[in-house]
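Engineer:
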Amino acid sequence: DGGITQSPKYLFRKEGQNVTLSCEQNLNHDAMYWYRQDPGQGLRLIYYSQIVNDFQKGDIAEGYSVSREKKESFPLTVTSAQKNPTAFYLCASSMNIATYEQYFGPGTRLTVT
Amino acid sequence: KQEVTQIPAALSVPEGENLVLNCSFTDSAIYNLQWFRQDPGKGLTSLLLIQSSQREQTSGRLNASLDKSSGRSTLYIAASQPGDSATYLCAGLNTGFQKLVFGTGTRLLVSP
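Heads up: the sequence lines are chains B and A, in that order. Residue numbering for the first sequence follows my numbering, beginning at 944 and increasing consecutively. Residue numbering for the second sequence follows my numbering, beginning at 66 and increasing consecutively.
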């Protein structure tokens, strides 16, 4: 089955620790995205990548880092510099340059205490 | 800066009703628009995509329209069912950019 997978579904970390969230897609999509979702707010873009070995900051990139070494993978690291890391994190991808239609993974809920 | 507003924030209806969800943009320069469904604790499922040359799209009981001149989109759900209960999000892609801007969603509850 083609799709986007995110792991783990739930993640718990102590304050001050870095944590990496996984995102993999087998849709052969060029572009991948990371969003953060908080209660009562719309999705906010953290980072996006249009092509392997290239990525751009989104609206709330501070305290986060990414890499894009393979087309299929776009891991997100939440660093200790992120002041409010507890949130629901969603990964997405898109291929169709004409439409930019985005497809989403199931999400990872990160809780930092 | 593009901002997206969805009205109402929450909606509760009995099964069988037809209903309309609204989405408006502060900047009407929209390239395309997507409507998504999100179940609690889950990712987003794409429902409909209205491309730049289109004004509406239909899928089953769902119909979405886009009026670029006014910066508004509506999602029409016919003959609502309890399984339609979810949060519905609209998102627009501005001309010249490659980022979606999301609304905060409408939480729909359809009672049997």
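Don't be surprised by glycine CBs; every beta carbon is placed ideally from N, CA and C. All figures in this text were calculated on a predicted structure; none of them were measured in a lab.
1) Given G157/A, which residues of its chain have a CB within under 6 Å of its CB, disregarding the five upstream and five downstream residues?
2) Would you mind stating whether N961/B and E1015/B have Cβ atoms separated by less than 8 Å?
3) Taking all protein chains shown into account, decide if V175/A is buried (16 or more other Cβ within 10 angstroms of its Cβ) or exposed.
4) Go ahead and pull the three-state DSSP assignment for G157/A.
5) Three-state secondary structure (DSSP) at D104/A?
6) Determine the burial state of G125/A: buried for a count of at least 16 other Cβ atoms within 10 Å of its Cβ, exposed for fewer.
7) With 8 Å as the C-beta to C-beta threshold (strictly closer), list the residues of the stretch 92-114 of chain A near chain B in chain order.
8) Look up P79/A in the DSSP assignment and say whether it is helix, strand or coil.
9) Do the stretch 999-1012 of chain B and the stretch 1021-1032 of chain B make contact, defined as three or more Cβ pairs closer than 8 Å?
10) Would Y1046/B count as contacting chain A if we go by Cβ distances under 8 Å?
11) Show which residues of chain A have a CB atom less than 8 Å away from the CB atom of Q984/B.
12) Rounded to whole angstroms, what is the Cα-Cα separation between L131/A and T160/A?
13) Taking only three categories from DSSP, how would you classify D132/A?
14) Would you kindly work out how many angstroms separate the C-alpha atoms of Y1043/B and W100/A, rounded to a whole number?
15) Name, please, each residue of chain A whose Cβ falls closer than 8 Å to the Cβ of L1033/B.
16) Would Y1043/B pass as an interface residue toward chain A - the criterion being a Cβ-Cβ separation below 8 Å?
17) Can you tell which of Q71/A, S138/A, Q103/A, S134/A has its C-alpha closest to the C-alpha of I115/A?
18) How would you label T1051/B, buried or exposed, when you count the other beta carbons within 10 angstroms and need 16 or more for buried?
19) From V69/A, L113/A, A144/A, pick the residue whose C-alpha is nearest to that of S93/A; which is it?
Structural biologist: This is what the structure holds:
1) F90, I95, L98, V166
2) no
3) buried
4) strand
5) coil
6) exposed
7) Y96, N97, Q99, F101, G106, K107, G108, L109, T110, S111, L114
8) strand
9) yes
10) yes
11) T169
12) 15 Å
13) strand
14) 13 Å
15) G108, L109
16) yes
17) S138/A
18) buried
19) V69/A
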